[in-house]
Each structure stands twice: as structure tokens, then as C-alpha cells.
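Notes follow once the structure below has been shown.
There are 2 protein chains.
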Amino acid sequence: MDASFNPVVSPLIRKLESIIALSDDERQAILDLPLQVMSLRADQDIVREGDRPSRSCALLEGFACTYKSTAEGKRQITAFYIPGDIPDLQSLHLEVLDTSLGTLTPSKVGFIQHEVLQELCDRHPRIARAFWRETLIDASVFREWTVNVGRRDAYARIAHILCELMARMRAVGLARDHTVQIPITQHEFADASGLSNVHVNRVIQALRSDGLIVLKGETLQALDWERLKEAGDFDPTYLHLSPKAEAA
Amino acid sequence: MDASFNPVVSPLIRKLESIIALSDDERQAILDLPLQVMSLRADQDIVREGDRPSRSCALLEGFACTYKSTAEGKRQITAFYIPGDIPDLQSLHLEVLDTSLGTLTPSKVGFIQHEVLQELCDRHPRIARAFWRETLIDASVFREWTVNVGRRDAYARIAHILCELMARMRAVGLARDHTVQIPITQHEFADASGLSNVHVNRVIQALRSDGLIVLKGETLQALDWERLKEAGDFDPTYLHLSPKAEAA
DNA sequence: CGTTTGGTTGAAATGTGTCAAACTTTGTGG
DNA sequence: CCACAAAGTTTGACACATTTCAACCAAACG
Chain U
1 MDASFNPVVS
11 PLIRKLESII
21 ALSDDERQAI
31 LDLPLQVMSL
41 RADQDIVREG
51 DRPSRSCALL
61 EGFACTYKST
71 AEGKRQITAF
81 YIPGDIPDLQ
91 SLHLEVLDTS
101 LGTLTPSKVG
111 FIQHEVLQEL
121 CDRHPRIARA
131 FWRETLIDAS
141 VFREWTVNVG
151 RRDAYARIAH
161 ILCELMARMR
171 AVGLARDHTV
181 QIPITQHEFA
191 DASGLSNVHV
201 NRVIQALRSD
211 GLIVLKGETL
221 QALDWERLKE
231 AGDFDPTYLH
241 LSPKAEAA
Chain F
1001 MDASFNPVVS
1011 PLIRKLESII
1021 ALSDDERQAI
1031 LDLPLQVMSL
1041 RADQDIVREG
1051 DRPSRSCALL
1061 EGFACTYKST
1071 AEGKRQITAF
1081 YIPGDIPDLQ
1091 SLHLEVLDTS
1101 LGTLTPSKVG
1111 FIQHEVLQEL
1121 CDRHPRIARA
1131 FWRETLIDAS
1141 VFREWTVNVG
1151 RRDAYARIAH
1161 ILCELMARMR
1171 AVGLARDHTV
1181 QIPITQHEFA
1191 DASGLSNVHV
1201 NRVIQALRSD
1211 GLIVLKGETL
1221 QALDWERLKE
1231 AGDFDPTYLH
1241 LSPKAEAA
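Taken in sequence, the protein lines are chains U and F. Per the working numbering, the very first residue in the first sequence carries number 1; after that it's consecutive. Per the working numbering, the very first residue in the second sequence carries number 1001; after that it's consecutive.
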């Protein structure tokens, strides 16, 4: 039941258990995965657009994001990743990476060879389904982000992003009450929301003076979760959290 | 070899064969799928956000799109679908739909029960992988759309969308040269690009007067494919087309 | 303690939205 | 086959949300 004897993969176990109940057998298969663990500094690329990786990685500690850059040199972050996530599982079935993946903070990632993952999937169909499901949830999040960036004004966009981070952190037990540590700069919020960093700053001040949030340093607190959700037009359905994770 | 004896599923076969080479066995399994075919008018919902469908569908004829609406009533289209696509394969592993799926034109869709699909996947691991891969490509397209809507100006946004449609239609043999039939209104392009219909109209006129496209009625012609790609900052990598499909 | 990084402010510029009306094409029933 | 309705496209004037630029401030860091 307790994965603490292998602290390295425990975020991954915790994440998978929030998706499906693992049998002892399955849990052991995860624990036995040959993982190449690597520590990375902040703002380092893990893999880059155009790469043809032979392995995927699990984010064990720290924060990361996928992003793409336009010809004009503007950057769009397309997703944030938190401990337990497998940000580039897609490369298991897509030869060429269409996006870059980089750290936001000092991080620890565990690399797993594709053959190993493939064999795990062949041997444990339920784990395969859980992985597939994971990638489907990623896709759902991308859809929501398109809506966010395409059809919400700046105020709602930022509120929505904050809501998503809060909900996901809570779902994996990385928050107490409605307070979380989010080491994301305003510049990065800008790249995630399709706004300028200056405007993000003004919006955050508005959210503060409206009494919705406290955001100082890395600490984000939702002072009024219900109103914040409303401001961000946030409905957590698209995160496909398990009922217990959602209630957390 | 020839799927023409069952014309109904042939777009699906063609699409799958553009992903993996099907064995006779596998092709037959697809042909044998119990498909409930249904004809739909334009602008009809196939499934809606919040539904818990027990089946997925293949788009056999016509055009469709996934979309979500904000609390303010604004609509964002998150993807276009063309014949052969399986727009809601996600519902196989996600209980609640987080997006709506509707037709753009009169269409014919084939519904397949989830249990049947699941059994197909269990029996034919390569088909399962092809399906998974399909959903990963969908995810890749959503990422690109987020970039498009978040970080490109109106001119590039529209050019990019036109490029994607052109490339995908060519990949499944629905174009000759650089001319395709695209029954999508400017209002729909607006909802796909996060712009107003008025502005879409002005941008399309600019693309026309710059000699990049002819767009009249449902006919889109790329007069200068290379310049159109450049205008749209379009790199087809994210579509993960097979080499032969890409050359088509 | 200086340097870097991230946050804040103000003024001016601009891309895109809104509104309202006219025009054009497509579809349909008489 | 015409007449009309409906749907889609085009136009102009104006409003405004957001960007850009440039400077300054605050906090973190070696």
C-alpha cells in the first residue's frame, strides 16, 4: 500500500492511483521500472521540438511546461506539469516531437525507455489504459486552453489558469485548503495566457483588489474559491479528476 | 485490398491505412465492425458536453467540429474533422464528455459501441496503438491551435487554419493540386480563430489581394502554397502525417 | 552590497471588436 | 421558374482591450 520505500517514483504511483486502483502486481511493476533519474536546473529544456526521443519522462519533483515558439519569436506555453505527470508520453507513439518541454523550476525527472514502457503496457493492459487515459486528459486540457486563450478576456483567462493549477495541485495533495506554492512568474503566465507580461501584472492586481486571491512570491491563496471559479469561467470537468481527487 | 465492397467504412479504412499498414485480418476486423450509420443535417450536435456516451463515432461523410462555449456565450471551435476521422474516440476512456461535437455540413456518421471497440483493441493490439496514436495526433493539433490563437496575429491565424485544412485534405486524397472544397463559413472560421466574423472577413480579403488564395463559395485554392505556409507560420510536423500522405 | 530577476507604473499606439446597414448568394415553396 | 426568405459576406465608423515602450522599484541572490 505504501510506496514510500521508493520515494523517487512515489509521485508517479500517487498520480496513477488517482486514475485507477492499482493491484499489488501492477504497483510492483511500476516500482520495478528502470528509471534514469536526472536533476535539472530551472528553465532547461528536457526535450525539444523536432527531437526523436527513445524514452519518455515522469516529472518527480518541480514544475515544467510544454511550449512552442512562433516564427516571430513569441512563445506560447501549452500546458503546465506538476509532480507525478508524464509530460511527453506522446513520444511513445509519435516519432517526432512537435513541442518542446522545459522545466520552470529546479526539477527531478525520471526517464523510462520506450521499449520498457511498451512492455509494461503489453503485460499490464490496465496500466496501458491508464496511460492512454492520461494522454486523453492532456488533450482535454489543451482544448480548454484553446478556449481560454481564444474566447475569454484577460481577467477570466488568468483566473482560469489559477483555478486549474489550484484544482490540480489539490487533486494530488499538494495544497492545504486553498493555498498552494506556485513557482510561476508573471512572464510565464503571460506566455500561457497569450497576453503581455505587463497586462498580466495589471490583471493580477485587479484580482487582488477584488479580493479573489493573494499572490505573493510563490504563494497563491484563493480567498474566495467560488468567486474565483466564476471569474475564470472554471468548470473542472475537463480535468477528469476522480471524485475523491476533486473533493480533496 | 479493396474496401470498396463496403463503401460506408472506406474513409475509415483509408485513414487507418495512412497510419499503419493493415493486415488482411485487421482490415477485415474493421469491415466487420457493427456500425450504426446515421445521416445528420448541418449544424446538428452529435454529442454534447456533459454527455456520457456508450459509443464513439466515425465521420464517414461531411465535416464536423468540436467546440465549447464560455459562460458569456462565446463559442470556440477547437478542431475541424473531415471524413475518416474519429472525433470522439476519447469517450472510450473518459466517462464524461468535456466538449461538444457537431456537424458543419450534412454528414453521415457511423456509431460503434465502446464494448465493441474495446474488444477490437484487445484482439488487435496494432489497431489499438493506431487508435491511441490518433488521439495523440488530436492532442498535437489542439496544442498547435492554442499557439495559433494565443500568439499569432489575425492574418497568420487564418492563413494557418487554411493551411491545416489544405494539408489534411490532401493527405486523405480529398484535394486535387492545391484546390479543396471547404464548406466552412467565415463565422465558423471566426469561432475557430478566436476572432470576430467581421475581422475574419477583412483578413480573407487581405489574403486574396495578396494573391495567396482564391476563396469563393466552398472552393479554396492556394495560389501560392509556399507563401501561404509562410504567412501562416505553418509547419505540418504537428499533423504527424505519413511521408507519403505529406507528399500527396 | 552590487547585480540580477521579477514586479509595477504611466502614456501612447494599435489591432481587433462592436454595431448597424447594405449587399450577395443560396435555398425553397408557390 | 420566379419570388421571396434566409444565410452568408462586405462595408464604414467608432470604441476599447491589450500591446508596446520605457522607466522605476522591490526582492532575491551570490
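All C-beta atoms, glycine included, are put in the ideal place defined by N, C-alpha and C.
| field | Counterpart residues of residue 1039 of chain F in DSSP-defined beta bridges | value | F:1108
| Does residue 88 of chain U get closer than 8 angstroms to chain F when you measure Cβ to Cβ? | no
| field | Cβ pair residue 1078 of chain F, residue 143 of chain U closer than 8 angstroms | value | yes
| field | Reduced DSSP secondary structure (H/G/I, E/B, other) of residue 1030 of chain F | value | helix
| task | Within its chain, find whatever has a CB closer than 8 angstroms to the CB of residue 1214 of chain F; leave out the 5 residues flanking it on each side and keep chain order. | result | 1208, 1220, 1221, 1223
| request: Give me the Cβ distance between residue 103 of chain U and residue 62 of chain U, rounded to the nearest whole Å; I'm assuming they're in contact under 8 angstroms. | output: 6 angstroms
| Contact residues within the region 1210-1223 of chain F, judged by C-beta distance below 7 angstroms to chain U | none
| said: Just list the residues that DSSP pairs residue 181 of chain U with in beta bridges. | reply: U:219
| query | Taking Cβ positions, are residue 1090 of chain F and residue 136 of chain U nearer each other than 8 angstroms? | reply | yes
| So what does residue 1047 of chain F bridge to, in DSSP terms? | F:1101
| said: So residue 279 of chain U contacts chain F; which residues on that side make the cut at Cβ distance below 7 angstroms? | reply: The structure shown does not extend to residue 279 of chain U, since chain U is modelled only from 1 to 248, so the question has no answer here.
| query | When the distance is taken between beta carbons, is residue 34 of chain U closer than 8 angstroms to residue 116 of chain U? | reply | yes
| query | When Cβ atoms are compared, which residues of the region 41-75 of chain U fall closer than 9 angstroms to chain F? | reply | 49, 50, 66, 67, 68, 69, 70, 71, 72, 74, 75
| task | For residue 123 of chain U, go through chain F and note every residue whose CB falls closer than 8 angstroms to its CB, in chain order. | result | None at all; the shortest Cβ gap to chain F is about 12 angstroms.
| Who are the neighbours of residue 1238 of chain F on chain U, taking C-beta pairs under 7 angstroms? | 98
| query | Would a check of beta-carbon distances place residue 18 of chain U closer than 8 angstroms to chain F? | reply | no
| request: At 7 angstroms on the CB atoms, spell out the chain U contacts of residue 1132 of chain F, in chain order. | output: 93, 132
| task | Report yes if the C-beta distance between residue 1041 of chain F and residue 1125 of chain F is below 8 angstroms; otherwise report no. | result | no
| field | Under 8 angstroms (Cβ pairs) to chain F, residues found in the region 136-150 of chain U | value | 136, 137, 138, 139, 140, 142, 143, 144, 145, 146, 147, 149, 150
| So, are the CB atoms of residue 195 of chain U and residue 182 of chain U less than 8 angstroms apart? | no
| query | Three or more C-beta pairs closer than 8 angstroms, one from the region 158-176 of chain U and one from the region 1151-1161 of chain F: is that the case here? | reply | no
| message | On the DSSP bridge list, what partners appear for residue 1061 of chain F? | response | F:1108
| query | Grouping DSSP H, G and I as helix and E and B as strand, with all else coil, what is residue 1 of chain U? | reply | Caution is warranted here: a pLDDT of 41 is assigned to residue 1 of chain U, below 50, making its placement in the model unreliable, and the coordinate value is therefore given only provisionally. If DSSP states are grouped into helix, strand and coil, residue 1 of chain U belongs with coil.
| query | Since residue 1141 of chain F sits in a beta bridge, which residues does DSSP pair it with? | reply | DSSP, once it has assigned bridges, lists no residue as partnering residue 1141 of chain F.
| query | When the Cα of residue 1118 of chain F is compared with those of F:1027, F:1055, F:1031, F:1049, which residue comes out closest? | reply | F:1055
| query | Going by beta carbon distance, what residues of the same chain come within less than 6 angstroms of residue 206 of chain U, once the five residues before and after it are set aside? | reply | none
| field | Cβ-based neighbour list, residue 130 of chain U, same chain, cut-off 7 angstroms, excluding 5 preceding and 5 following | value | 16, 19, 20
| request: Using a threshold of 8 angstroms, state whether the C-beta atoms of residue 8 of chain U and residue 173 of chain U are closer than that. | output: no
| task | Might you give, ordered along the chain, the residues of its own chain that have their beta carbon closer than 8 angstroms to the beta carbon of residue 121 of chain U, omitting 5 neighbours on each side? | result | 127, 128, 131
| Is the beta carbon of residue 1237 of chain F less than 8 angstroms from the beta carbon of residue 180 of chain U? | no
| Whose CA, out of F:1030, F:1200, F:1235, lies closest to the CA of residue 1084 of chain F? | F:1030
| query | Is any beta-carbon of chain U found at less than 8 angstroms from that of residue 1179 of chain F? | reply | no
| query | Going along chain U, which residues have a C-beta under 8 angstroms from residue 1085 of chain F? | reply | The premise fails here: residue 1085 of chain F is roughly 14 angstroms from chain U at the closest Cβ pair, so nothing lies under 8 angstroms.
| message | Just to make sure I have the definition right: I need the residues of chain U whose C-beta is within less than 8 angstroms of the C-beta of residue 945 of chain F. Which are they? | response | Since the first and last residues shown for chain F are 1001 and 1248, residue 945 of chain F lies out of range.
| request: Look at residue 1080 of chain F and residue 1065 of chain F and say whether their C-beta atoms are less than 8 angstroms apart. | output: yes
| query | Within the 8 angstroms Cβ cut-off, does residue 1173 of chain F reach chain U? | reply | no
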